[in-house]
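Structure first, then comments.
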Amino acid sequence: MRIAVVSDGDGGGWLRELGDGTPPAPVRRVGDLAAAVREAEHSGGQPPRWVWADTEDLYPDLVRAGVRVSRCHDASLTEALLLGYRARHTEPHSLGAAWARLHDLPVPDDPVRPLGEGTAAQPALFEADRSTLPPGTDRLDALVEVHADQRGRISGLPSPDRMALLVAVESAGALAAVEMSHDGLPWRPEVHDRVLTEILGPRPRSGQRPPVLADLAAQISEVVGHEVNPDSPAQVLRAMAWVGHPVASTRSWVLEGVDHPLVPLLLRYKELARLYSANGWAWLETWVRELPGGGTGDGPRLGRFRPDYVVGGVVSGRWATRGGGALQIPRSVRSAVRADPGWVLVRADAGQLEPRVLAAVSGDGALAAAAAEEDLYARLAAHVGDDRERAKIGLLAAMYGQTSGDAAPLLATMRRLYPHALEYVDAAARTGEGGGIVRSWLGRTSPAPGDWAATVAAADGDRRRRAHGRFTRNFVVQATAAEWALVLLAALRQELPETPEGGGIVFFVHDEVVLHVPADLAEEAVRAIDRAQTRTRRILFGDTPVRFPLAVSVTDCYADL
DNA sequence: GGAAAGCGCCAC
DNA sequence: AAACGTGGCGCTTTCC
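In short: position in the first sequence from 1, add 86, done, that's the working numbering.
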């Protein structure tokens, strides 16, 4: 059963059951939307699929009210996928935009979502309507109409089941994203502060460098013979030339090739300055919130990092985040990620996901045989007759479109041993070089290049064509890997046991999920992960021999993993 | 004085 | 060993 729902901006809303082929049920007005949703969700039998305009608008308030739903149809994300399929990525995809296109009316721009509008913001129960529908339009009618149209467009596709699955898991991902932002990644502020102080020295007043950085900067200036700001690439470039070692850039790997006492100082400065500016005390204050009452008594101070996830924020279907740099938590501060007392972190990490995906989608028998193994690259090395590291470089080069350096001779070997796999990515690259679009396994579509005629005619047209070929070459693999991760996430939401508030999936990044569960639920969580991964492989690739092994570990601290 | 570009590093 | 895909983001410099 599907139930369309809109909120009234004041805690209540309207619901309407959607029958398959039968006339829709009458509209139901409810004063307490969260209570109505909770009731329908637990009324016995299979829970409904909630049809709504935008998960980011509706679901955070439900989650704050303590309500979780199992399934939804996010009309906005669905519209983006369907527009993308027709290579119309740049067109607005809100409910209002979809409705306007149905009625040949001017299409409104998508609303801009400023930072922190997710669950990170302070509770503001059922915020004002953010609809892009024209004033006076019945929002529930519009939603029902757009939803019916979307289902029709899906069923008209060459592979409707795949797009239906993609829509379902994209929507489930949106639910998971809101829940993860709400629960947050457990983060100990005092551990983070201790790490920073050990590496950088005590926290400085604002505007000053921490002691260790200040000392390094002074040493650098002393070696050069005059004041140098190591944060300025231009000044570092001049300083290197001044000491007799001109370099083309100040990138670390370039400097590493230079033998001069200035180099280790600069490299050390870069490393520490990065930590200070990207994940230093300012980051900690901005992004980690202590739980109310979490710091009482002798216990540790419990905090939460709550990034704002952007589902579908990357063309390939990977997620982006808004603020906090959640996709790049550096190893040096991961020791601050600790389970609460009595709880554990369960991490599941898909190893070698992209080559396995390539084996599955291309149907290459030899690569699939290697991908049936726990360590794909080791098996590859045996095939190729080379060491593991070089076999790995060869395959990655094939997927990324690298042609120079070490990879060139390896590629020829790869092409001979895994012809179908190589042809799969080569074909995608050829399409891209010709200005065409490619699709993932479930039908997510690469954006069409901008004015292609102008691109080709440009002075560097060849370079641009090849760059677009590398993009489409990688897209077919990366976008399908992202789908695998989305299906896993959706399956995991269903398989996981109920946990107390704050438990469940708390972090997700490309091919890795982190759960936070009471210690006595750890074993059950590990079993749930195992069931979810089995379902994921079967749902996506049927009876493929390819395995997608997940490294699962249970621990107190993310740095241990 | 703020926006945008350029650089560089972090993650997968 | 170093130019090969997707991103976020902070700092400096340049532009208006």
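Glycine included, C-beta positions come from ideal geometry on N, C-alpha and C.
Predicted model only: the values in this text are computed from it and were never measured.
Roughly how far, in whole angstroms, is the beta-carbon of residue i from the beta-carbon of residue j, given that I think they are within contact range, below 8 Å?
i    : j    : result
V230 : S418 : 51 Å between Cβ atoms; not a contact.
V443 : T585 : With 8 Å as the limit, V443 and T585 do not qualify as a contact, their Cβ atoms being about 30 Å apart.
A425 : D606 : Not really, about 13 Å apart at Cβ, beyond 8 Å.
F561 : A514 : 7 Å
A446 : F557 : Between F557 and A446 the Cβ distance is about 21 Å, and since that is not below 8 Å, they are no contact.
A27  : V470 : This structure leaves residue 27 out entirely; the chain is present only between 87 and 647.
V92  : L226 : 5 Å
V298 : L348 : That pair is no contact at about 17 Å.
T407 : L261 : So it is not a contact: roughly 17 Å between Cβ atoms.
S257 : D160 : 4 Å
T218 : A183 : 6 Å
L439 : F634 : 7 Å
W136 : V116 : Between V116 and W136 the Cβ distance is about 13 Å, and since that is not below 8 Å, they are no contact.
V314 : A300 : That belief does not hold up - the Cβ atoms of V314 and A300 are roughly 13 Å apart, past 8 Å.
V638 : V612 : 6 Å
Quick check on residue i: buried or exposed, where buried means 16 or more other Cβ atoms within 10 Å of its Cβ?
i    : result
P332 : exposed
L636 : buried
A206 : Note on A206: pLDDT 43, under 50, position unreliable in the model; the coordinate value appears next. The residue is buried, with at least 16 neighbouring Cβ atoms inside 10 Å.
A90  : buried
A320 : exposed
D106 : exposed
R172 : exposed
L188 : exposed
V563 : buried
N365 : buried
T176 : exposed
E284 : exposed
Q414 : exposed
Q580 : exposed
G379 : exposed
P209 : In this predicted model, P209 has a pLDDT of only 40, less than 50, meaning its place in the structure is not dependable; the value taken from the coordinates is given anyway. Its Cβ having fewer than 16 others within 10 Å, P209 is exposed.
G555 : buried
G480 : buried
Q294 : exposed
S532 : buried
W369 : buried
D597 : buried
T517 : buried
A494 : exposed
W339 : exposed
S448 : buried
R549 : exposed
Sort the options by Cα distance to residue i and report the nearest one.
i    : options                   : result
G130 : M87, V255, Y463 and A120  : M87
D317 : V329, A304 and W405       : A304
Q132 : W527, Y486 and C158       : C158
G95  : P347, V400 and L148       : L148
G98  : A122, F634 and D190       : A122
G385 : P244, A258 and E276       : E276
P631 : G555, I479, R516 and E459 : E459
G536 : G529, G547 and R530       : G547
W570 : T218, L104, R530 and R551 : R530
R387 : D279, G451 and W367       : D279
V511 : R295, D195, A483 and R621 : A483
T372 : V638, G389 and G379       : G389
W527 : S217, P112, S162 and D247 : D247
L163 : A539, T108, D224 and V232 : V232
S245 : G590, R525 and D616       : R525
A111 : A120, G117, L101 and D118 : L101
G589 : L582, V603 and V595       : V603
F593 : R154, E103 and M266       : M266
W138 : A234, V640, R550 and D195 : A234
G409 : A228, P441, G242 and V374 : V374
A576 : E587, A608, A543 and R617 : R617
P220 : S180, R239, V198 and S363 : S180
R360 : P197, E125, P296 and D345 : P296
A120 : P109, A151 and V264       : A151
D651 : E125, D450, A436 and A534 : Limits of the chain in this structure are 87 at one end and 647 at the other, which puts residue 651 out of reach.
* To do: Please go through the segment 368-451 and give each complete alpha helix (DSSP H) segment of 4 or more residues, from N-terminal end onward.
  => As for any alpha helix (DSSP H) of minimum length 4 sitting wholly inside the segment 368-451, the runs are 439-448, ordered along the chain.
* Cβ contact (3+ pairs, closer than 8 Å) linking the segment 258-276 and the segment 387-397 -> Touching, per the Cβ criterion.
* Asked: Is there contact here, the segment 431-443 with the segment 283-294, by at least three beta-carbon pairs under 8 Å?
  -> Counting Cβ pairs under 8 Å, fewer than three are found: no touch.
* Pairing CB atoms from the segment 500-512 with CB atoms from the segment 520-529, are three or more of them under 8 Å? -> No, because fewer than three Cβ pairs between the segment 500-512 and the segment 520-529 fall closer than 8 Å, the two stretches do not touch.
* **Within the segment 269-322, ranges of the beta strand (DSSP E) (whole runs, at least 3 residues)** => List check, beta strand (DSSP E) in window: 271-273.
* Asked: Which full runs of the alpha helix (DSSP H) of 4+ residues lie inside the segment 102-158, going along the chain?
  -> Entirely contained in the segment 102-158, the alpha helix (DSSP H) runs reaching 4 residues are, in chain order, 119-127 and 141-150.
* Contact the segment 246-261 vs the segment 324-338: 3+ CB pairs below 8 Å -> With a cut-off of 8 Å, the segment 324-338 and the segment 246-261 do not count as touching, because too few Cβ pairs lie within range.
* Which parts of the segment 580-638 are runs of the alpha helix (DSSP H), unbroken and 4 residues or longer, counting only runs that do not cross its ends? -> Fully enclosed alpha helix (DSSP H) runs of no fewer than 4 residues occupy 608-627 of the segment 580-638, in order along the chain.
* Could you tell me which uninterrupted alpha helix (DSSP H) segments, each at least 4 residues in length, are contained entirely in the segment 480-560, listed from first to last along the chain? => Whole alpha helix (DSSP H) segments, 4+ residues: 493-503, 505-519 and 538-543.
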